Amino acid sequence: METSRAISAAELERMIQSTGFFRNKARSIILCCQQIVAEHGGEVPRTMAQLVPLPGIGRKTANVILGNAFDTPGIPVDTHVGRLSRRMGLTLHADPVKIETDLMNLVPKKHWTMFAHQMIFHGRQVCHARRPTCDTCSLAAFCPKKGID
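Sequential numbering from 0 applies to the sequence shown in numbering that gives the first Met the number 0.
This is the structure:
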(Lines of atoms letter the chains of each structure in order from A; the text may use other names.)
(Lines give C-alpha, C1' and ligand atoms only; values in the text may rest on other atoms or scores of the structure.)
Protein backbone atom coordinates (compact mmCIF):
# COMPACT_ATOMS: atom_id res chain seq x y z
CA MET A 0 0.00 0.00 0.00
CA GLU A 1 1.28 3.44 -0.94
CA THR A 2 1.56 5.94 1.87
CA SER A 3 0.98 9.63 1.37
CA ARG A 4 3.30 12.33 2.57
CA ALA A 5 3.10 16.07 2.70
CA ILE A 6 5.09 17.96 0.12
CA SER A 7 6.88 21.14 1.06
CA ALA A 8 6.12 24.35 -0.79
CA ALA A 9 9.77 24.51 -1.88
CA GLU A 10 9.66 20.99 -3.32
CA LEU A 11 6.44 21.72 -5.21
CA GLU A 12 7.89 25.00 -6.48
CA ARG A 13 10.88 23.14 -7.92
CA MET A 14 8.55 20.66 -9.65
CA ILE A 15 6.44 23.36 -11.35
CA GLN A 16 9.04 26.09 -11.80
CA SER A 17 8.95 25.91 -15.61
CA THR A 18 5.26 26.89 -15.66
CA GLY A 19 5.88 30.46 -14.50
CA PHE A 20 4.40 32.14 -11.42
CA PHE A 21 5.42 28.93 -9.67
CA ARG A 22 5.42 30.36 -6.14
CA ASN A 23 1.82 31.56 -6.40
CA LYS A 24 0.78 28.35 -8.16
CA ALA A 25 2.43 26.18 -5.52
CA ARG A 26 0.68 28.09 -2.74
CA SER A 27 -2.68 27.74 -4.54
CA ILE A 28 -2.15 24.02 -5.20
CA ILE A 29 -1.37 23.33 -1.55
CA LEU A 30 -4.32 25.40 -0.30
CA CYS A 31 -6.62 23.83 -2.90
CA CYS A 32 -5.63 20.30 -1.87
CA GLN A 33 -6.10 21.13 1.79
CA GLN A 34 -9.56 22.52 1.08
CA ILE A 35 -10.51 19.49 -1.03
CA VAL A 36 -9.55 17.21 1.87
CA ALA A 37 -11.29 19.36 4.50
CA GLU A 38 -14.48 20.20 2.62
CA HIS A 39 -14.89 17.42 0.07
CA GLY A 40 -13.48 14.37 1.82
CA GLY A 41 -10.47 14.25 -0.47
CA GLU A 42 -12.60 13.90 -3.61
CA VAL A 43 -12.21 16.50 -6.36
CA PRO A 44 -15.59 18.21 -6.78
CA ARG A 45 -17.53 17.49 -9.96
CA THR A 46 -19.41 20.77 -10.40
CA MET A 47 -18.47 24.26 -11.49
CA ALA A 48 -20.12 25.69 -8.36
CA GLN A 49 -17.92 23.56 -6.08
CA LEU A 50 -14.70 23.97 -8.07
CA VAL A 51 -14.59 27.73 -8.61
CA PRO A 52 -14.36 28.68 -4.89
CA LEU A 53 -11.23 26.52 -4.47
CA PRO A 54 -7.92 28.43 -4.29
CA GLY A 55 -6.38 28.89 -7.74
CA ILE A 56 -9.43 27.57 -9.58
CA GLY A 57 -11.40 29.84 -11.88
CA ARG A 58 -13.89 29.04 -14.64
CA LYS A 59 -11.12 28.16 -17.10
CA THR A 60 -9.46 25.62 -14.80
CA ALA A 61 -12.81 24.29 -13.63
CA ASN A 62 -13.82 23.68 -17.25
CA VAL A 63 -10.53 21.85 -17.88
CA ILE A 64 -11.04 19.64 -14.81
CA LEU A 65 -14.68 18.91 -15.63
CA GLY A 66 -14.03 18.20 -19.31
CA ASN A 67 -10.93 16.08 -18.92
CA ALA A 68 -11.36 14.34 -15.58
CA PHE A 69 -15.13 13.93 -15.48
CA ASP A 70 -16.19 14.05 -19.16
CA THR A 71 -18.47 17.01 -18.44
CA PRO A 72 -18.31 19.28 -21.50
CA GLY A 73 -17.06 22.80 -21.04
CA ILE A 74 -15.16 25.47 -22.95
CA PRO A 75 -12.15 26.79 -21.06
CA VAL A 76 -11.41 30.24 -22.48
CA ASP A 77 -7.73 31.10 -22.33
CA THR A 78 -5.89 33.79 -24.27
CA HIS A 79 -5.71 31.61 -27.40
CA VAL A 80 -9.41 30.69 -27.39
CA GLY A 81 -10.37 34.32 -26.81
CA ARG A 82 -8.05 35.73 -29.47
CA LEU A 83 -8.98 33.16 -32.11
CA SER A 84 -12.69 33.44 -31.38
CA ARG A 85 -12.54 37.17 -32.04
CA ARG A 86 -10.27 36.80 -35.07
CA MET A 87 -12.56 34.15 -36.58
CA GLY A 88 -15.64 36.27 -35.95
CA LEU A 89 -17.14 33.83 -33.43
CA THR A 90 -17.48 36.53 -30.78
CA LEU A 91 -17.09 40.26 -30.37
CA HIS A 92 -16.36 40.01 -26.66
CA ALA A 93 -13.15 40.20 -24.63
CA ASP A 94 -14.70 38.89 -21.41
CA PRO A 95 -13.99 35.14 -21.06
CA VAL A 96 -17.45 34.34 -19.66
CA LYS A 97 -19.16 36.10 -22.59
CA ILE A 98 -16.83 34.35 -25.05
CA GLU A 99 -17.64 31.02 -23.39
CA THR A 100 -21.37 31.73 -23.74
CA ASP A 101 -21.03 32.71 -27.41
CA LEU A 102 -19.05 29.55 -28.20
CA MET A 103 -21.48 27.35 -26.28
CA ASN A 104 -24.23 28.69 -28.54
CA LEU A 105 -22.23 27.87 -31.68
CA VAL A 106 -20.54 24.54 -30.90
CA PRO A 107 -22.53 21.36 -30.14
CA LYS A 108 -22.17 20.51 -26.43
CA LYS A 109 -20.55 17.11 -27.04
CA HIS A 110 -17.66 18.92 -28.80
CA TRP A 111 -17.01 21.72 -26.29
CA THR A 112 -13.98 20.23 -24.55
CA MET A 113 -12.22 19.07 -27.71
CA PHE A 114 -13.09 22.31 -29.51
CA ALA A 115 -11.26 24.28 -26.83
CA HIS A 116 -8.23 21.97 -26.99
CA GLN A 117 -8.13 22.34 -30.78
CA MET A 118 -8.42 26.14 -30.57
CA ILE A 119 -5.57 26.28 -28.05
CA PHE A 120 -3.39 24.05 -30.24
CA HIS A 121 -4.26 26.10 -33.34
CA GLY A 122 -3.44 29.34 -31.52
CA ARG A 123 -0.08 28.00 -30.37
CA GLN A 124 0.97 26.35 -33.64
CA VAL A 125 -0.66 28.24 -36.53
CA CYS A 126 -2.62 31.36 -35.66
CA HIS A 127 -0.07 33.28 -33.63
CA ALA A 128 -1.01 36.62 -32.11
CA ARG A 129 1.45 38.77 -34.03
CA ARG A 130 2.21 36.72 -37.12
CA PRO A 131 -0.44 34.14 -37.99
CA THR A 132 0.58 31.72 -40.72
CA CYS A 133 -2.58 32.09 -42.78
CA ASP A 134 -0.88 30.63 -45.87
CA THR A 135 -0.62 27.23 -44.14
CA CYS A 136 -3.88 27.41 -42.18
CA SER A 137 -6.54 24.82 -42.95
CA LEU A 138 -9.21 27.28 -41.79
CA ALA A 139 -8.04 30.23 -43.90
CA ALA A 140 -10.91 29.97 -46.40
CA PHE A 141 -13.47 30.30 -43.58
CA CYS A 142 -11.70 32.88 -41.44
CA PRO A 143 -12.52 36.59 -41.74
CA LYS A 144 -9.07 37.31 -40.20
CA LYS A 145 -10.34 40.13 -38.01
CA GLY A 146 -7.54 42.06 -36.38
CA ILE A 147 -4.89 40.96 -38.89
CA ASP A 148 -3.29 43.78 -40.86
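We put the beta carbon where it would ideally sit given N, CA and C, even for glycine.
Since the structure is predicted, the reported quantities are computational estimates derived from the model, not experimental observations.
Here DSSP, grouped into helix, strand and coil, assigns Glu42 to coil.
Secondary structure at Ala5: coil, using DSSP grouped into helix, strand and coil. Counting the other Cβ atoms within 10 Å of the Cβ of Ile64 gives 16 or more, which makes it buried. Each residue's CA atom was taken as its position, placing Arg130 and Leu11 some 36 Å apart. Straight through space, the alpha carbons of Glu42 and Ala128 are spaced by roughly 38 Å. For Ser137, no alpha helix (DSSP H) segment is defined, and its DSSP state is neither H nor E.
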